[in-house]
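Chains E, P, B and V supply the protein sequences, listed in that same order. Quick note on numbering: numbering that gives the first Met the number 0 labels position 233 of the first sequence as 232, and the sequence is numbered without any gaps. Quick note on numbering: numbering that gives the first Met the number 0 labels position 252 of the second sequence as 251, and the sequence is numbered without any gaps. Quick note on numbering: numbering that gives the first Met the number 0 labels position 237 of the third sequence as 236, and the sequence is numbered without any gaps. Quick note on numbering: numbering that gives the first Met the number 0 labels position 266 of the fourth sequence as 265, and the sequence is numbered without any gaps. Ideal Cβ positions, reconstructed from N, Cα and C, are used throughout, including at glycine.
4 protein chains.
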Amino acid sequence: MSGAKFKTAVLGATGYAGFELTRLMLRHAKLARPVLLARESGSHGALEDFYPQLTGEHLPMEPFSLELLKSRGVEMLFLATPHELSRELVPQVLEQGIRIIDLSGAWRLKCAANRAVYGFVDPDASVAAKLDAEAVYGLPELHREQIKSARLVANPGCYATSIIVALAPLARAGVIDSAHGVVVDAKSGVSGAGKKPTQKTHFVEVAENLSAYSVFGHRHTGEILEQTGLRAEDVIFTPHLLPIPRGILSTIYLRLKQRSTFADVEKIFREFYAGAAWVRVFAAGSLPQIQHSVNTNFCDVGFALAEDGKRLILVSCLDNLLKGAAGQALQNLNVMQGWNEREGLN
Amino acid sequence: MSGAKFKTAVLGATGYAGFELTRLMLRHAKLARPVLLARESGSHGALEDFYPQLTGEHLPMEPFSLELLKSRGVEMLFLATPHELSRELVPQVLEQGIRIIDLSGAWRLKCAANRAVYGFVDPDASVAAKLDAEAVYGLPELHREQIKSARLVANPGCYATSIIVALAPLARAGVIDSAHGVVVDAKSGVSGAGKKPTQKTHFVEVAENLSAYSVFGHRHTGEILEQTGLRAEDVIFTPHLLPIPRGILSTIYLRLKQRSTFADVEKIFREFYAGAAWVRVFAAGSLPQIQHSVNTNFCDVGFALAEDGKRLILVSCLDNLLKGAAGQALQNLNVMQGWNEREGLN
Amino acid sequence: MSGAKFKTAVLGATGYAGFELTRLMLRHAKLARPVLLARESGSHGALEDFYPQLTGEHLPMEPFSLELLKSRGVEMLFLATPHELSRELVPQVLEQGIRIIDLSGAWRLKCAANRAVYGFVDPDASVAAKLDAEAVYGLPELHREQIKSARLVANPGCYATSIIVALAPLARAGVIDSAHGVVVDAKSGVSGAGKKPTQKTHFVEVAENLSAYSVFGHRHTGEILEQTGLRAEDVIFTPHLLPIPRGILSTIYLRLKQRSTFADVEKIFREFYAGAAWVRVFAAGSLPQIQHSVNTNFCDVGFALAEDGKRLILVSCLDNLLKGAAGQALQNLNVMQGWNEREGLN
Amino acid sequence: MSGAKFKTAVLGATGYAGFELTRLMLRHAKLARPVLLARESGSHGALEDFYPQLTGEHLPMEPFSLELLKSRGVEMLFLATPHELSRELVPQVLEQGIRIIDLSGAWRLKCAANRAVYGFVDPDASVAAKLDAEAVYGLPELHREQIKSARLVANPGCYATSIIVALAPLARAGVIDSAHGVVVDAKSGVSGAGKKPTQKTHFVEVAENLSAYSVFGHRHTGEILEQTGLRAEDVIFTPHLLPIPRGILSTIYLRLKQRSTFADVEKIFREFYAGAAWVRVFAAGSLPQIQHSVNTNFCDVGFALAEDGKRLILVSCLDNLLKGAAGQALQNLNVMQGWNEREGLN
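Here you go:
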């Protein structure tokens, strides 16, 4: 552990994902304490004022500026900011030679039609277009090589991660009878909805409840389609709000082209994720539950095959703030820096 | 409110459904206080000892016997007992001229192949076969006329109720493209698993968790198939255990044969449930949530149609102990006695 | 049930207590459907738009005015409004000859020093002073006779109800060694904090958590002191926020003046609450839990006495939206109208 | 990180505390993978079969024997076993020259009268008496020096830790007016009740509920008295069961002998815990909440003083499985081995 520690900054540490990221970074052996940045001039103070969990730490937040990033020698900026702000800041920051891992949805989508749901208004459309093309989708299990050298990593959505990890091995193996339809019924804890209080996140509205939302229209759909190659008309994705703080479970229903055995399917997964630090494939007869991966960076995947050898149910779980956000961001940093992917995440 | 009150008995009041039923019956204006019966000779005592919610009531339980039923003039027996016990007792009780509403799964299934999952061993197979044929599936919205004159009403399963209420109108209208598959992703609170403590119902195992279970093998599947007429190979039903005490939400995915409008589908539901006291069809743009029907006898149904006019998502909610068990049992009693279906359930 | 039904109105039905009250009133056999009133001109619409639980009902809200109250023949107005608004409206409404049950804290306190925590600015101080003197504290178990003829009933606070019901019998019997101190450690579900979303009521902040708040400064303290006659310096009241939607449990610690037996203490309670419809005294060896009274109008009280015969622990539970708010309001209406106190509350 | 790793064993890894301990030990840089032991010959298998959270690990359990401990070179044994078993095994294991950290209540109490609540029947009373005298109460903040050289460390109870950490500084400073009484109202998550399913830990009984239990009789009382020096007649300790999986909050009410300022009290705490790795004293105006310390090894303490300068409320929080059990056990190991107390606990 000789030599200087790596210098990073976080913009947006007061949100749930930004806080989780900061907390992880404080324990990462190769990182200097991150520079914490706030956008609005009035809301600085210190992170421990927002999160008494950090009592005993001193984590002052400073106003964001390019000058500050440079004067502190920041080499990597994490953005845990609204999508629009990320569209605005990324071009400027990259120009300073600073690499970026962006936790927002701003740079995840390659296809303009998919991006349309966000309604971005870019200051310079041609710059934005180049960066849309350049940005690397930050799912290391799919794009490890590109991430290593990326300037801009678009950290995936939480639902999208859980679903793509489950579907990608089968999609790439070409075994899904996609015309028959792929149904994704996903359920998430409330921290995925962010820290801002709304009627929807009021305790009394969520507790003892379950509700479906964004039916036929959730913004993570584009990521799922682009990363699996499935067509929009073949995929239905329905998120539900669970009365728990964190964790996602996605139940995925599809039909295989060929009659297969459990071992056939298992082989596809085991080979795809051989050596993967943060994906666990469950054995026959057991399925992941939210509790198994909460407070870890794992995405767990299990499955069950009907007697007909065709109808397949996939179950995928993760912690939406870790593998679904901050943990994956740190995993991406590890990949970009050539460190062990487990570093700082155990 | 002239005349004598109707005389009933409950066997199995200490379980969650039996307790809920008893509590409802105490407030039903047309009913005498139910005779409470226990099967095991050792566990009598009083119901308020098991449920301090009933402090101030006096609800002694007595050992079950046919003589007792007769001597008390019981006209209707509710069974909230294990399936096997219900198979054993029903023939004897009916012979005494006492009608039965059975909350177990014993008499719900017409098809022997579906019944096989329960593995019943009947004392007299020919009597059992006759009663299997005679028993009426106690979903009043589907079988009101038969229930009126039934001697034996098989009260539906909780999951089954939520799913059949959503699917039956479309199935009977013949609009489901069933070959394309019907996916039922259902989520239930823990009281559905019964009062007996097990590792699966330990608070620490359920809280902050979600898990799929009985994948490709839940016993309510037979009810769903028989009541909707769908084929086993076309339906996938996956239950999940929610970290809440009560409530079920079923999300159902299917494809319509013909391109349709929202209004087309809504019309089918509104006509099917015109005048129904305990089914509510939600308007366009709103979907039921578990909170809306918990502590009521309603089954709520809503839906959303994809832009293609074919892919349909149904959401159905109910309280598993009310419309999913005890409330429906009382609704069936109301039907059998020719009373208002809302009586005692508001 | 001959004759016209009694005419009421509710101002503030969109809050949790107002909604609960409205829902109860719809089932009260002696009441016409309440006139629902909203204060702000922009937010009318219908109650079912705010609470899909009411799907199938039609409950339009109309702008509040004295004219409307008169033209509809309203005989009793329920206020489920902010304290300040209640201070403003009550004098005007009473002048129209309409009686009022006020669920806010506006008129509960007789002592100006206690009222000071609310910081009321009254339009007419002398009118306010007269009404402060006239208002009856709406705990029927203590003030039944005065409530019968009251024009203005101040419905008690939720914490205050649970604590006063437990302490009043002992305080009035003069058996508390108050100089030794009375410690009240109370815990409440989140609906007590109201429907407006705040950081404090965000699901993620409350779930899996417990916190003390308003230490040495909760506004219900004044009610407790005035109704029990205890001195401020002898009582400590600490509320805590529980991760549940509804329910209060208060644990109260005190010392008796004289060495006593359990039976001595029980006698005081049983005599005090003899015939009370909505207070249940638990037997030796059992203590109330929140689950026992949630969704009922009961306040449950139990206690345990140390071997020294002096140190006494009281446990008191209720549903903060029922006996702690809307249920008690309806109980007060029943008293005011000379109806059975259980009417509409079973 | 040169040299061989330290060799340990855990008996009782399948319980909640034992599992948590094992999980922590796998990440402790100075420890070899622990030898996992099971008592009953039939229940071996592997820990990951009991906790799918450990999918991907291989943690076989072996039958406990002294021979096995010796043959594996175990230097420290952790007991996460029933109290009685710990009484039986400890003398035998110590004789082998193996040190012990015992998570049960077996060896915590010095006073025979306090120990009586456990009803131990020791095989050799004189050996047991010597060990009762020798055992060190494993709260490092109070007994660090003795722990360093102890052969047998009795890891404190979860409630006891939270309460003693809050009371000890004041008790040792002699500022408590104990004759006036000390009231401890404590609330714990369900994992404190153990993994065995019972009616009391059934999800439906705990969820949406709060209950007091073991009133005037909880077994941790003896630890509190012995470690603070307070007298039994001056302390009331009432535990409550919270509807959350983990975490304890204790609210403690006492009176100071002398009129004091907040700063006076704060000074006592800050000096007492100067340099403590795992106790955090909260600043004026803020109080610990359960969320702040869950999933950490911290015990957080805060307080509020009444205007009279005498009545003091202490609030203390910790994670019952970490600082309240497994985390503290590992902290004790760190102390015993002369390692940094934070090692393996961040």
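Rounded C-alpha distance that separates residue i from residue j
{"i": "V:Thr160", "j": "V:Arg254", "result": "21 Å"}
{"i": "E:Ala206", "j": "V:Val203", "result": "14 Å"}
{"i": "B:Ala185", "j": "B:Asn294", "result": "19 Å"}
{"i": "B:Asn333", "j": "B:Arg341", "result": "8 Å"}
{"i": "E:Ala37", "j": "B:Pro244", "result": "34 Å"}
{"i": "B:Gly337", "j": "B:Asn345", "result": "17 Å"}
{"i": "E:Thr260", "j": "E:Lys266", "result": "10 Å"}
{"i": "V:Lys6", "j": "V:Glu74", "result": "6 Å"}
{"i": "B:Cys298", "j": "B:Val152", "result": "19 Å"}
{"i": "E:Phe49", "j": "B:Gly104", "result": "31 Å"}
{"i": "E:Gln330", "j": "E:Ala112", "result": "29 Å"}
{"i": "V:Asn154", "j": "V:His82", "result": "12 Å"}
{"i": "V:Arg310", "j": "E:Thr80", "result": "45 Å"}
{"i": "V:Gly216", "j": "P:Ile289", "result": "40 Å"}
{"i": "E:Leu248", "j": "E:Gln257", "result": "27 Å"}
{"i": "P:Thr227", "j": "P:Ala170", "result": "6 Å"}
{"i": "V:Val214", "j": "E:Val183", "result": "49 Å"}
Exposure label - residue i; buried when at least 16 CB within 10 Å
{"i": "P:Met0", "result": "Any reading at P:Met0 needs caution, since the residue's pLDDT is 44, under 50, leaving its predicted position unreliable; the model's value is listed next. Looking at its Cβ environment, which holds fewer than 16 other Cβ atoms inside 10 Å, P:Met0 is exposed."}
{"i": "P:Ala124", "result": "exposed"}
{"i": "E:Val120", "result": "exposed"}
{"i": "V:Lys129", "result": "exposed"}
{"i": "E:Ser190", "result": "buried"}
{"i": "P:Pro33", "result": "buried"}
{"i": "P:Gln95", "result": "exposed"}
{"i": "P:Gly274", "result": "exposed"}
{"i": "P:Cys316", "result": "buried"}
{"i": "P:His57", "result": "exposed"}
Anticipated Cβ contact below 8 Å, residue i with residue j, distance rounded
{"i": "B:Ala45", "j": "B:Met60", "result": "6 Å"}
{"i": "V:Val92", "j": "V:Leu68", "result": "7 Å"}
{"i": "P:Gly308", "j": "P:Phe281", "result": "Not a contact, Cβ separation roughly 19 Å."}
{"i": "E:Leu102", "j": "E:Leu78", "result": "6 Å"}
{"i": "E:Val164", "j": "E:Val278", "result": "6 Å"}
{"i": "V:Leu108", "j": "V:Gly221", "result": "5 Å"}
{"i": "E:Val135", "j": "E:Ala149", "result": "4 Å"}
{"i": "P:Pro90", "j": "P:Tyr158", "result": "Rounded, the Cβ-Cβ distance is 27 Å, inconsistent with contact."}
{"i": "B:Ser177", "j": "B:Leu229", "result": "6 Å"}
Under 7 Å by beta carbon: chain V residues contacting residue i
{"i": "E:Gly55", "result": "Arg279"}
{"i": "P:Ile247", "result": "Those do not exist, as P:Ile247 stays about 15 Å from chain V at its closest Cβ, beyond 7 Å."}
Contact list for residue i against chain P, beta-carbon separation under 8 Å
{"i": "B:Glu207", "result": "Glu207"}
Within chain E, the residues that residue i reaches when beta carbons sit closer than 8 Å
{"i": "V:Pro347", "result": "Absent from the structure is residue 347 of chain V, since the part of chain V shown begins at 0 and ends at 345."}
{"i": "B:Pro122", "result": "What B:Pro122 touches in chain E: nothing, since even the nearest Cβ is about 33 Å away."}
Under 7 Å by beta carbon: chain B residues contacting residue i
{"i": "P:Arg26", "result": "Asn345"}
Where residue i meets chain P, residues with beta-carbon distance less than 7 Å
{"i": "E:Ile175", "result": "Those within 7 Å of E:Ile175 in chain P number zero; the least Cβ separation is about 14 Å."}
Listed by chain order, chain E residues near residue i by CB distance under 9 Å
{"i": "P:His142", "result": "Here the premise fails: no neighbours, minimum Cβ distance about 29 Å."}
Assess contact between the region 12-23 of chain E and the region 306-325 of chain E, defined as three or more Cβ pairs (one per stretch) separated by less than 8 Å. Is contact present? Touching, yes.
Pair every Cβ in the region 284-298 of chain E with every Cβ in the region 228-236 of chain E, then say whether three or more of these pairs are closer than 8 Å. With the cut-off at 8 Å, the region 284-298 of chain E and the region 228-236 of chain E do not touch.
Any chance the region 193-203 of chain P sits against the region 194-202 of chain V, with 3 or more Cβ pairs inside 8 Å? As far as the Cβ criterion goes, the region 193-203 of chain P touches the region 194-202 of chain V, which means the pair count is three or higher.
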